[in-house]
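Listed in order, the protein sequences are those of chains A and B.
At position 133 of the first sequence (counting the first as 1) the number is 133 in UniProt numbering, and the numbers step up by one without a gap.
At position 62 of the second sequence (counting the first as 1) the number is 62 in UniProt numbering, and the numbers step up by one without a gap.
Structure first, then comments.
Number of protein chains: 2
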Amino acid sequence: MFTRIDHIGIACRDLDATAAFYRRVYGFEIAHEEVNEEQGVREAMLEVNGTSDGHRTCIQLLEPIRADSPVAKFLDSRGEGVHHIAFGTPDVRGASADVREAGVRVLDAEPRRGTSGSAIAFLHPKDCGGVLTELVQAPEAADPT
Amino acid sequence: MFTRIDHIGIACRDLDATAAFYRRVYGFEIAHEEVNEEQGVREAMLEVNGTSDGHRTCIQLLEPIRADSPVAKFLDSRGEGVHHIAFGTPDVRGASADVREAGVRVLDAEPRRGTSGSAIAFLHPKDCGGVLTELVQAPEAADPT
Ligand SMILES: [Co+2]
Ligand SMILES: [Co+2]
Chain A
1 MFTRIDHIGI
11 ACRDLDATAA
21 FYRRVYGFEI
31 AHEEVNEEQG
41 VREAMLEVNG
51 TSDGHRTCIQ
61 LLEPIRADSP
71 VAKFLDSRGE
81 GVHHIAFGTP
91 DVRGASADVR
101 EAGVRVLDAE
111 PRRGTSGSAI
121 AFLHPKDCGG
131 VLTELVQAPE
141 AADPT
Chain B
1 MFTRIDHIGI
11 ACRDLDATAA
21 FYRRVYGFEI
31 AHEEVNEEQG
41 VREAMLEVNG
51 TSDGHRTCIQ
61 LLEPIRADSP
71 VAKFLDSRGE
81 GVHHIAFGTP
91 DVRGASADVR
101 EAGVRVLDAE
111 PRRGTSGSAI
121 AFLHPKDCGG
131 VLTELVQAPE
141 AADPT
């Protein structure tokens, strides 16, 4: 059901500077950039490697675009650093139902729009050992509506 | 130089319970378990997916085995959650030199022993946007001495 680590989400105050750091130090290039108004972030996906399920694993950099966004609040309380991790699944709706059945609170009753039109759902970090966890279905197969 | 996300290191208070959670909810199995006396942790590697460089990406669970270990201190100050991320490289010694050259403090002057005899080096989180970052060379090719 969960076939890859899709990405690691990292909260930063300056997306361009942080992307430049990852490029300069590690050689990771920006594969995609967008603004997600709903989540209140500007984000960049940096590709690191391909995965055995035919997708890839990325570093996702997140910069808040407003002070009341969850990422802005995270930066205020914890500072820059890892914000969440994301597992890839071919079926985010079914995966969310299974995870809920296993006793984990799914924060999104319906999958919502993630990067590049992916379908995503977040799990409650208190039910996941302190780890904010995202489930993501890649855009090719995504049908969030 | 950096060809995969090798693992995500997660600090927990109860390794067995946390491994059982990852198995039950996501289906990730323990690929390897060991005690690292030097780092003061008991750890488990849970395999998630294969990678395009011929290795794999894992979740690494870390439980402190003594109160003065870095992971114990992390748990005291931050609670359970993501502790570090690790990038895989075929040459941890060369990668450490390059990263140091790029102005990032490498915490280990010489690579030390990681999981299953891998060779690892940690980077200063303050130089990496708040992310404790590990460089890891897989055991097949590792020669830390
Ligand atoms: Co994400
Ligand atoms: Co590690």
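Positions of the beta carbon are idealized from the N, C-alpha and C atoms, including for glycine.
This one's a predicted model, so the numbers in the text were calculated from it and none came from an experiment.
Under the Cβ criterion of 9 Å, Ile5 of chain A is counted among the residues facing chain B.
Buried is the label assigned to Glu134 of chain B, since at least 16 other Cβ atoms lie within 10 Å of its Cβ. When secondary structure is reduced to three states using DSSP, Val25 of chain A falls in the helix class. The beta carbon of Asn36 of chain B sits closer than 7 Å to those of Glu43, all from its chain and outside the five residues before and after it, given in chain order. Cβ contact annotation for Ala138 of chain B (same chain, cutoff 7 Å, sequence separation greater than five): His55, Gly88 and Ser118, in chain order. Within a 10 Å sphere around the beta-carbon of Glu101 of chain B sit fewer than 16 other beta-carbons, which makes this residue exposed. Screening all residues for a C-beta within a distance smaller than 6 Å of any heavy atom in ligand 2 leaves B:His7, B:Gly9, B:Gln60, B:His84, B:Ala86 and B:Glu134, in chain order.
Here Val104 of chain A has Leu123, His124, Asp127 and Cys128 as same chain residues with Cβ atoms under 8 Å from its own Cβ, once five neighbours each way along the sequence are excluded. Judged by their CB atoms, Leu61 of chain A and Ala19 of chain A are nearer to each other than the 9 Å cut-off.
Residues of chain A with a Cβ closer than 7 Å to the Cβ of Ala138 of chain B do not exist, since the nearest Cβ in that chain sits about 13 Å away.
Short note on Gly114 of chain A: C-beta closer than 8 Å to some heavy atom of ligand 1.
If you look at Gly50 of chain B, you'll find it in the beta strand (DSSP E) that goes Val41 to Gly50. For Phe87 of chain B, the enclosing beta strand (DSSP E) starts and ends at Gly81 to Gly88. At least 9 Å separates the beta-carbon of Gly9 of chain B from that of Ala109 of chain B. Looking at the DSSP output, Pro64 of chain B bridges to B:Val41. The beta carbons of Gly50 of chain A and Val71 of chain A sit about 27 Å from each other, so the pair does not count as a contact at 8 Å.
Looking at the DSSP output, Arg105 of chain B sits in no beta bridge, so it has no partner there.
For Val136 of chain A, the CB falls within less than 8 Å of some heavy atom of ligand 1.
Annotation: Phe74 of chain B to Ala11 of chain B spans about 8 Å, alpha carbon to alpha carbon.
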